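Working notes, beginning with the structure itself.
Quick look at the structure:
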């Protein structure tokens, strides 16, 4: 029997018993819909968790100046890193999201008759907020142009507001840092304490050129550190490697020579995150697997019933010349068709359900931005799985049908 | 060379504790174009012989040559091919596929045979249906046809691949006497006009009388093989277990 005829025969057999076909399909629909929904929501959860982790700075890599050696004497904190290095890292490394030079200083901030000693007064680059995954509460951030011109502007953290300004809106007010007047152009969102308990909001950010030239008065073009963020926590290792290679090249360091910089990342946290997301994925796969098995067993049940019910039909087909192969194929195609139809419907339902769930979560828990993940490859995998389930669970009944003895099958009542 | 050559064919069913000898030892020949009735009391082995001749079953001993080819050593698939090409079956309960039109039922053997274009398949099936006088009922399902009509569809299905042998297992068993006569007439026509070998298993003496040769079986053995129905009837009625009257 040709393949096309077999398909047609299988379809006709299914249409002859619509109720049975529908019930079987429902089993698969539930299975695939469950898989799709769970995977979609789960991926959303994974993304959300990774996002939260990245907000903590798990994807941040620090490039620090190394020790230079002059005739066997090592000297720490040598001025080996430049703002140009930072720009190059940001531009040339594909796994790097953004990069910013850091120039530190300390001092007193004065506004009117109030003063405050912030924990950090830092000169940074225009991409600093991207690197830190930090947002502004109000105002803007300084531009490339401000950096070029060592503009006298700054952005302040939340902690400074009650200390210096009280009820005054700080935007566009002038403050003085070590007697350099700076205009406040932006206010950072509250970030809270970091992992060792330091208040991260107790900060004043300036263009790194402004700190270097106007506050520190340094003649050198060096920066204290370069802060880099990888595109994701997963890409930390790759980003680190890319930065190292780039820096070797830029600083002309041969394979035998000691590097004049060091690259540090938060590998420990990244590993923890890896375990969390890995566990999530594993759990999802297990649930998805169970749903598929349930759907598959449903198909197998119905196919077995179908084989028994149609024993006589099988006998007739065999008597007029159907080979075991023909019977096997007919039943196998029936089950694959059933599971594929179920798969397609399940996929559509599952996608709709995951969209609805995502919207519900976002509506009932304001503040969470649960991401909606509908991945096309996952859809294909689901369809492939549906077909595989059809073949796997349809094979046994089909084989049983194909092995029937024609005489007994014909006699079957 | 005869169409069918049986040589010491035996069929033993091994039921574990007991062995049932359904066919003890059958030897014989059937030529192309013969019209044979297989008769005998229940359990005489006529159905087993029929299934063996029809390549549905394999003898446990002996040799069965169909058209010169040994069937006993054939695989399942080879026998399926023989059933498709050389044999046509008609059953007591018609054995048509439910909820499938008469035309599709007749087309079925063509689908399992060599590849034919759907169009040609349809045409051939239609031609067969008109030969059995049911061209205008091609779209009817079995449940919408009378018993006689169903059996005629079954005959059309059996003949659509132009087999050399048509086998009937009690083909008139479920028909009233009038339609029985029509079906018997159809068998006779096919045999006389198209030289199709007809082998029927039957209880119906009217059917048996119509055949040209009658083989009587009892306890898995051929007890009479004759062209004279009177002798066959005598052999059938002569039950050795009953005292002579």
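Chains as they are written, first to last, in the numbering used here: chain A, 486 to 898; chain B, 10 to 254.
All residues carry an ideal CB built from backbone N, CA and C; glycine is no exception.
Note that the structure is a prediction, hence the values are computed from the model and not measured.
Around the CB of residue 747(A), fewer than 16 other CB atoms lie within 10 Å, so the residue is classed as exposed. Annotation for residue 170(B): 93, 94, 97, 118, 119 and 122 place their beta carbon closer than 8 Å to its own, counting only its chain and skipping 5 residues before and after. When DSSP states are grouped into helix, strand and coil, residue 887(A) belongs to the helix group. With a threshold of 16 other beta carbon atoms within 10 Å, residue 116(B) meets it and is buried. Among the residues of the stretch 491 to 520 of chain A, those with a Cβ less than 8 Å away from any Cβ of chain B are 494, 497 and 501, in the order of the chain. Straight-line measurement puts the Cα of residue 830(A) at about 14 Å from the Cα of residue 866(A). Take residue 617(A), set aside five residues on each side of it, and no residue of its chain has a beta-carbon closer than 6 Å to its own.
Under the DSSP assignment, residue 639(A) falls in the beta strand (DSSP E) whose first and last residues are 638 to 641. Interface with chain B (9 Å Cβ-Cβ cutoff): residue 814(A) is excluded. Within the DSSP bridge table, the entry for residue 178(B) names 100(B) and 210(B) as partners. The beta carbon of residue 118(B) falls within 9 Å of a beta carbon belonging to chain A, placing the residue at that interface.
Taking a C-beta distance under 9 Å as the contact criterion, residue 823(A) and residue 494(A) do not qualify as a contact pair. Put simply, of 773(A), 821(A) and 825(A) the residue whose alpha carbon is nearest the alpha carbon of residue 525(A) is 773(A). For residue 114(B), the closest of 82(B), 101(B), 161(B) and 157(B) by C-alpha to C-alpha distance is 161(B).
Looking at the DSSP output, residue 671(A) bridges to 624(A) and 640(A). Taking a C-beta distance under 9 Å as the contact criterion, residue 224(B) and residue 237(B) do not qualify as a contact pair.
For residue 816(A), the uninterrupted alpha helix (DSSP H) segment begins and ends at 809 to 849. The Cβ of residue 73(B) sits no closer than 9 Å to any Cβ of chain A.
C-alpha of residue 612(A) to C-alpha of residue 872(A): approximately 48 Å in a straight line. Taking residue 720(A) as the centre and dropping the five residues before and after it, the same chain places the C-beta of 580 closer than 7 Å to its C-beta, in chain order.
As DSSP reads the structure, residue 150(B) sits in no beta bridge. DSSP places residue 711(A) in the strand class (E or B) of the three-state scheme. With a threshold of 9 Å between beta carbons, residue 895(A) makes contact with chain B. Contact between residue 68(B) and residue 105(B) does not hold, since the beta-carbon distance rounds to 29 Å and is not under 8 Å. Counting along the chain, residue 630(A) sits inside the alpha helix (DSSP H) bounded by residues 629 to 633. Along the stretch 770 to 782 of chain A, there is no position whose C-beta sits under 9 Å from a C-beta of chain B. Residue 683(A) is not a Cβ neighbour of residue 644(A), given a cutoff of 9 Å.
DSSP, read as helix, strand or coil, puts residue 685(A) in coil. For residue 527(A), the secondary structure class from DSSP, reduced to helix, strand or coil, is helix.
With a threshold of 9 Å between beta carbons, residue 798(A) makes contact with chain B. Residue 693(A) carries a helical assignment under DSSP once its states are collapsed to helix, strand and coil.
Boundaries of the alpha helix (DSSP H) harbouring residue 573(A): 568 to 577, taken from the DSSP string. Within the same chain, 181 come within 6 Å of residue 213(B) by CB-CB distance, once the 5 residues on both sides are set aside.
In this structure, residue 640(A) lies near residue 669(A), with their beta-carbon atoms less than 9 Å apart.
Scanning chain A for C-beta atoms nearer than 9 Å to the C-beta of residue 55(B) yields nothing, as the closest lies near 14 Å away. By the Cβ rule, the stretch 45 to 53 of chain B does not count as touching the stretch 876 to 888 of chain A, because fewer than three pairs are nearer than 8 Å.
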